[in-house]
Amino acid sequence: MSRLPSATAATSYQREWFATLHQRAAAGEPVALVNADAPQEILRALDIPYVVNQWWASVCASRGRAAAGLDELRRRGYPTDHEQYNTLSLGSTFDSGAPWGGLPPISFVLAETTGDALRKIGEVWQREHGARFLAFERTVAPMREPVWWERIEDDWEALVGPARIDLMTAELTAAVEQLEHATGRRFDTAQLARVMTLVNEQQLANRAARDLIARTVPAPVSIVDTIPSVMIPQWHRGTDWAVEAAQRFHREVYDRATAGVAACSDEQIRLMWIGTGLWHDLGLYEWVQERFGAVFVWSMYLAIAADGYIRHGSDPIRTLAGRFAAFPDLINAPPWASEWYAKEARHNQIDGAVHFAGTDRRGVYFVDRALERAGVPVLRVGGDSADDREFSDGDLRRALETFVRTRVEPLAAARRSSEAP
Amino acid sequence: MQALRTLTAHYAAARTARVGHSAAVVHVGRDVPREVVLAAGLVPVRLPGAPGRTGAGDHLFGAGIDDVARTQLTRVLDGDLASCAGLAIGSDCEGSVRLFLHLWEVQRVEPHADVPPLAFVDCGHLPQPSTRAYNRVRFDEFVDQVARWTGRPIHDDDLAAAVATANGTRRLIRAIGELRTATGGPRLSGADALACIGAAFCLSQADFAVLVGALLEEAADAPALPGVPVFLTGSSHDHAQAYELIESCGAVIVGEDHDWGGLAGQSDVDEYGPVREALVDAYWAGAPAASGYGIAERAEQTARLAARAGARLVIAWLREHDPAPAWDLCGQREALAEAGIPLLELPARPYRGAADDCVARVDEALCGVRA
Numbered sequence: 001m002s003r004l005p006s007a008t009a010a011t012s013y014q015r016e017w018f019a020t021l022h023q024r025a026a027a028g029e030p031v032a033l034v035n036a037d038a039p040q041e042i043l044r045a046l047d048i049p050y051v052v053n054q055w056w057a058s059v060c061a062s063r064g065r066a067a068a069g070l071d072e073l074r075r076r077g078y079p080t081d082h083e084q085y086n087t088l089s090l091g092s093t094f095d096s097g098a099p100w101g102g103l104p105p106i107s108f109v110l111a112e113t114t115g116d117a118l119r120k121i122g123e124v125w126q127r128e129h130g131a132r133f134l135a136f137e138r139t140v141a142p143m144r145e146p147v148w149w150e151r152i153e154d155d156w157e158a159l160v161g162p163a164r165i166d167l168m169t170a171e172l173t174a175a176v177e178q179l180e181h182a183t184g185r186r187f188d189t190a191q192l193a194r195v196m197t198l199v200n201e202q203q204l205a206n207r208a209a210r211d212l213i214a215r216t217v218p219a220p221v222s223i224v225d226t227i228p229s230v231m232i233p234q235w236h237r238g239t240d241w242a243v244e245a246a247q248r249f250h251r252e253v254y255d256r257a258t259a260g261v262a263a264c265s266d267e268q269i270r271l272m273w274i275g276t277g278l279w280h281d282l283g284l285y286e287w288v289q290e291r292f293g294a295v296f297v298w299s300m301y302l303a304i305a306a307d308g309y310i311r312h313g314s315d316p317i318r319t320l321a322g323r324f325a326a327f328p329d330l331i332n333a334p335p336w337a338s339e340w341y342a343k344e345a346r347h348n349q350i351d352g353a354v355h356f357a358g359t360d361r362r363g364v365y366f367v368d369r370a371l372e373r374a375g376v377p378v379l380r381v382g383g384d385s386a387d388d389r390e391f392s393d394g395d396l397r398r399a400l401e402t403f404v405r406t407r408v409e410p411l412a413a414a415r416r417s418s419e420a421p
Numbered sequence: 422m423q424a425l426r427t428l429t430a431h432y433a434a435a436r437t438a439r440v441g442h443s444a445a446v447v448h449v450g451r452d453v454p455r456e457v458v459l460a461a462g463l464v465p466v467r468l469p470g471a472p473g474r475t476g477a478g479d480h481l482f483g484a485g486i487d488d489v490a491r492t493q494l495t496r497v498l499d500g501d502l503a504s505c506a507g508l509a510i511g512s513d514c515e516g517s518v519r520l521f522l523h524l525w526e527v528q529r530v531e532p533h534a535d536v537p538p539l540a541f542v543d544c545g546h547l548p549q550p551s552t553r554a555y556n557r558v559r560f561d562e563f564v565d566q567v568a569r570w571t572g573r574p575i576h577d578d579d580l581a582a583a584v585a586t587a588n589g590t591r592r593l594i595r596a597i598g599e600l601r602t603a604t605g606g607p608r609l610s611g612a613d614a615l616a617c618i619g620a621a622f623c624l625s626q627a628d629f630a631v632l633v634g635a636l637l638e639e640a641a642d643a644p645a646l647p648g649v650p651v652f653l654t655g656s657s658h659d660h661a662q663a664y665e666l667i668e669s670c671g672a673v674i675v676g677e678d679h680d681w682g683g684l685a686g687q688s689d690v691d692e693y694g695p696v697r698e699a700l701v702d703a704y705w706a707g708a709p710a711a712s713g714y715g716i717a718e719r720a721e722q723t724a725r726l727a728a729r730a731g732a733r734l735v736i737a738w739l740r741e742h743d744p745a746p747a748w749d750l751c752g753q754r755e756a757l758a759e760a761g762i763p764l765l766e767l768p769a770r771p772y773r774g775a776a777d778d779c780v781a782r783v784d785e786a787l788c789g790v791r792a
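Those protein sequence lines, which keep their order, are chains P and Z. Last residue of the first sequence: 421 (this note's numbering), numbering continuous. Last residue of the second sequence: 792 (this note's numbering), numbering continuous.
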């Protein structure tokens with residue numbers, strides 16, 4: 001199956017960037033490890049290179065090193081039966097077979113502390129590798145307005161609430177001071193403002209691509225391409241390269257849509273994949289395409305870039321807090337997540353959803369409920385993106401076969417007939 | 422011992438019957454400041470889970486969630502709290518957070534008439550001034566929420582009086598703990614101590630004080646209990662099955678570091694400074710429980726409390742789907758090794774029932790200590 005040039009280019013860029021990262025680390029530069037939903041922009045503004053924890057876990061898992069990394073953790077007396085996606089990077093530091101020469105030495109870890117283990121996992125990085133852990137508090141608040149995506153760009157202060165914004169603003173300010181002190185670098189607010197502008201520009205290009213895919217039948221691309229084309233630039237957001245990569249991706253989608261080029265020329269079914277990627281079995285996405293003419297046209301990676309990141313505000317640090325103070329709620333907690341997934345299913349003309357719901361998901365029942373009420377059947381699948389130790393690709397394919405044949409195909413046929421000229 | 426029987430009966434009733442009454446505010450977790458409820462003239466009642474009652478909780482939560490929260494959710498949706506003035510849920514652990522998020526959303530999309538009014542108390546524990554300031558905002562909101570439930574304002578004087586009352590309860594909890602570390606040997610088993618301390622969460626302070634006073638008198642004449650002194654760490658215990666199993670092997674649990682046990686009485690709230698700040702500080706940086714706190718501070722506390730209690734063995738009882746305690750072990754191993762106290766780790770214990778391989782492992786560890 002052909003790959004989008006933007007996907008290939010992003011993957012190549014990432015390999016080269018990672019090699020450069022090793023060189024910078026070898027030259028004595030500090031490198032940070034950050035969680036995917038932590039405010040990486042302060043590091044960008046300080047020009048401190050960073051690796052995204054869950055991206056690196058995906059690299060390890062997709063190259064068959066999940067079990068090895070987790071086993072190294074187990075041998076050292078750490079738990080490996082939960083939070084695998086968040087701990088595999090740590091495990092990889094003890095795995096002599098880790099991909100790409102492994103992580104460079106990590107000097108800082110930035111993470112928010114959702115759940116019961118993340119704070120302690122950050123502390124283990126300190127214990128094992130001497131990395132300084134810069135923690136962001138977990139916060140939760142009762143959400144009264146389920147529809148966030150229409151207002152959050154400008155009205156984030158009201159939607160998220162000033163208490164959470166105040167807290168993260170203070171945490172960011174303190175983290176910047178610590179990073180300045182540790183590295184000798186000077187933080188420049190104007191530079192952060194420029195980073196924020198670039199991030200908005202990048203996500204706007206992603207939004208255009210998302211909307212184009214949503215309204216184009218058959219879909220011009222599937223998530224096999226959109227995930228690398230979106231996520232690698234996402235982890236470089238705030239750079240000119242990332243903006244150009246997002247714009248290039250949009251142009252490619254536009255060109256394909258205009259020319260009538262489809263990911264699957266005989267597209268019968270449009271599917272959404274909810275949850276993190278199935279990194280240890282990426283072939284699944286193409287298997288459903290070949291077997292059922294079913295295309296995974298949607299994953300959260302492009303959609304959350306389109307709806308979840310853009311923020312406008314005059315104070316860049318506070319605006320950054322407005323991006324991340326409630327970020328996990330957008331994709332992972334009721335009512336925001338459930339209503340958003342249902343909106344996206346309607347927007348993207350989805351016939352069925354596969355919900356990869358690990359135990360870290362906070363409201364799977366309500367996500368499934370909202371989708372089913374929107375007329376989208378759901379197959380819920382357990383597991384962890386970074387743990388294939390008990391994963392059965394056969395079981396998953398059999399479940400998918402039954403799901404598609406019995407629940408999705410009739411709905412998809414009805415949609416197609418209603419769209420027929 | 423009559424007082425012991427009465428305290429234990431109250432503790433047991435809170436686990437099986439409908440909880441509370443129209444003057445009660447039920448709370449979930451250790452991070453809800455009970456003093457606010459007391460200051461409003463209401464009775465705070467802490468909600469335990471109910472081993473085995475997973476019905477509605479199973480339906481909503483799905484797999485992989487701590488059975489404590491799962492059964493609490495079942496209890497709430499089954500109407501166990503129907504007559505209460507309110508339900509306040511803290512953020513002490515992921516199970517409590519999910520309990521709140523699910524109830525909040527259930528009431529939005531599938532409302533249950535028997536669920537009392539909800540409040541959420543978000544309380545962080547990072548040792549940073551920003552967390553303290555955030556907690557203060559949420560604390561004030563909770564005060565206002567409880568005041569709305571009662572229809573009258575809560576003044577700082579009310580809070581100060583409530584702090585004095587709650588500190589009285591904490592002193593009594595410490596006194597119960599001292600029965601287990603008394604000179605000459607423990608006068609109270611761990612299982613009985615857990616029940617007596619647990620009664621503090623469902624009785625008024627006055628009733629609790631009378632009963633504990635009687636208990637202390639009765640225990641003064643009681644013979645010392647035989648058995649290897651054991652300290653329990655790991656997950657919290659809102660019922661006594663693990664205690665009974667360990668003690669049936671010839672141990673006496675002389676202390677623990679979870680918040681249904683001795684940790685509930687570890688530290689008082691300051692009675693001399695500004696009362697709101699004192700309460701915020703106490704709930705922000707109190708005696709560290711497994712969830713919400715760091716590995717190092719947990720390890721230091723476990724070793725210190727175990728040594729103070731004269732424990733010859735520490736057992737880490739780790740409940741399945743309760744991830745925090747398992748991450749504490751790395752620090753606890755080191756701290757206990759330094760203190761010269763052996764550690765027995767029992768991972769993936771079910772919330773309900775405790776048999777299988779546990780007995781043999783506890784027996785073996787106790788034999789090692791006796792030798």
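We treat Cβ as the ideally placed atom computed from N, Cα and C, and that holds for glycine. None of the values given here were measured: they were computed from a predicted structure.
Between which two residues does the alpha helix (DSSP H) containing residue i stretch?
| i | result |
| --- | --- |
| Pro335 (chain P) | It is not in any alpha helix (DSSP H) - Pro335 (chain P) carries neither H nor E in the DSSP assignment. |
| Val147 (chain P) | Taken as a continuous stretch (DSSP letters only), Val147 (chain P) belongs to no alpha helix (DSSP H), as it is neither H nor E. |
| Arg559 (chain Z) | Pro550 to Thr571 |
Using CA atoms only, rank isn't needed, just tell me which of the options is closest to residue i.
| i | options | result |
| --- | --- | --- |
| Arg405 (chain P) | P:Glu390, P:Val364 and P:Asp351 | P:Asp351 |
| Asp307 (chain P) | P:His250, P:Val59, P:Glu171 and P:Phe327 | P:Phe327 |
| Pro550 (chain Z) | Z:Ala730, Z:Ala706 and Z:Asp452 | Z:Ala706 |
| Arg729 (chain Z) | Z:Ala717, Z:Leu502, Z:Asp749 and Z:Gly683 | Z:Gly683 |
| Val497 (chain Z) | Z:Val447, Z:Asp452, Z:Val457 and Z:Asp543 | Z:Val447 |
| Arg529 (chain Z) | P:Tyr50, P:Leu284, P:Asp116 and P:Glu339 | P:Glu339 |
| Ala477 (chain Z) | Z:Arg455, Z:Val466, Z:Leu459 and Z:Asp501 | Z:Asp501 |
| Ile165 (chain P) | P:Arg15, P:Thr319 and P:Gly97 | P:Thr319 |
Taking the straight line between their C-alpha atoms, what separation do you get for residue i and residue j?
| i | j | result |
| --- | --- | --- |
| Ala424 (chain Z) | Ala630 (chain Z) | 11 angstroms |
| Leu103 (chain P) | Tyr309 (chain P) | 27 angstroms |
| Arg63 (chain P) | Leu282 (chain P) | 11 angstroms |
| Gly91 (chain P) | Arg416 (chain P) | 47 angstroms |
| Pro30 (chain P) | Glu171 (chain P) | 21 angstroms |
| Glu123 (chain P) | Arg132 (chain P) | 8 angstroms |
| Ile510 (chain Z) | Leu159 (chain P) | 22 angstroms |
| Ile42 (chain P) | Val230 (chain P) | 21 angstroms |
| Ser6 (chain P) | Asn86 (chain P) | 28 angstroms |
| Ala641 (chain Z) | Arg591 (chain Z) | 20 angstroms |
| Leu428 (chain Z) | Glu638 (chain Z) | 14 angstroms |
| Phe414 (chain P) | Gly375 (chain P) | For clarity, residue 414 (chain P) is Ala in the given sequence; the question names Phe instead. Spanning the two alpha carbons is a distance of roughly 12 angstroms. |
| Arg491 (chain Z) | Arg24 (chain P) | 48 angstroms |
| His576 (chain Z) | Ala583 (chain Z) | 11 angstroms |
| Val354 (chain P) | Met272 (chain P) | 6 angstroms |
| Arg185 (chain P) | Trp748 (chain Z) | 34 angstroms |
At what residues does the beta strand (DSSP E) containing residue i begin and finish?
| i | result |
| --- | --- |
| Gly589 (chain Z) | Taken as a continuous stretch (DSSP letters only), Gly589 (chain Z) belongs to no beta strand (DSSP E), being part of the alpha helix (DSSP H) at Asp577 to Glu599. |
| Gly676 (chain Z) | Ala672 to Glu677 |
| Val297 (chain P) | Ala294 to Ser299 |
| Val109 (chain P) | Phe108 to Glu112 |
| Tyr50 (chain P) | Tyr50 to Val52 |
Since residue i and residue j should fall inside the 8 angstroms C-beta cutoff, what is the C-beta to C-beta distance between them, to a whole number of angstroms?
| i | j | result |
| --- | --- | --- |
| Ile674 (chain Z) | Val651 (chain Z) | 5 angstroms |
| Ser299 (chain P) | Ile227 (chain P) | 6 angstroms |
| Tyr365 (chain P) | Gly483 (chain Z) | 6 angstroms |
| Ser656 (chain Z) | Ala711 (chain Z) | 7 angstroms |
| Phe296 (chain P) | Ser222 (chain P) | 5 angstroms |
| Gly358 (chain P) | Gly383 (chain P) | 6 angstroms |
| Pro220 (chain P) | Val261 (chain P) | 6 angstroms |
*For the region 503–519 of chain Z, which residues have a beta carbon sitting closer than 9 angstroms to at least one beta carbon of chain P?*
Residues Ser512, Cys514, Glu515, Gly516, Val518 and Arg519.
*Going along the region 536–565 of chain Z in order, which residues come within less than 9 angstroms of chain P, judged by CB to CB distance?*
Leu539, Ala540, Phe541, Asp543, Gly545, His546, Leu547, Gln549, Pro550, Ser551, Thr552, Ala554, Tyr555, Val558, Arg559 and Glu562
_Cβ-based contacts, 9 angstroms cut-off: residues of the region 266–288 of chain P near chain Z_ = none
*Please name the residues in the region 522–537 of chain Z whose beta-carbon is closer than 9 angstroms to at least one beta-carbon of chain P, in chain order.*
Leu522, His523, Trp525, Glu526, Val527, Arg529, Val530 and Glu531
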